[in-house]
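Report on the following structure.
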Amino acid sequence: TFNNYLVAKYMNTLKEHERFDAIELQYIRKQSTRIPEYDRSIDTVNFQLSGVFIPYRLEYESEARGK
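Take a look at the structure:
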């Protein structure tokens with residue numbers, strides 16, 4: 003579905019970023035909410051990712067540029 007595509011695209015964006023590592027999908031939930039005023043339902047998708055964020059270290063960046 004389109005929702006799965008968006009979650010996968012977001013995960014791939016994080017995986018390609020050098021500051022993130024081991025990105026995994028923890029859960030995905032879909033909920034349908036009825037809006038009586040408009041006589042329709044809206045689907046909401048919630049998801050959670052886990053991973054490692056590599057913090058910015060000034061001294062590491064300086065050493066990498068100096069080499």
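Numbering follows the numbering used here, with no gaps: position 26 of the sequence shown is 28.
Where a beta carbon is used, it is the ideal one built from N, C-alpha and C, also for glycine.
Asked                                                                                                                          : Found
By Cβ distance, which residues of its chain are closer than 8 Å to F22, with the 5 residues on each side in sequence left out? : L16, G53, V54, F55 and I56
Thinking just about the alpha-carbon of each residue, which of N14, I30 and I25 is nearest to the one in V47?                  : I30
Under the DSSP definition of a beta bridge, which residues are partnered with V54?                                             : D23
Could you check the C-alpha separation between A10 and E18 for me, to the nearest Å?                                           : 12 Å
Tell me, which residues are paired with D45 by DSSP?                                                                           : S34
Using the three-state DSSP reduction, which class does Y29 fall into: helix, strand or coil?                                   : strand
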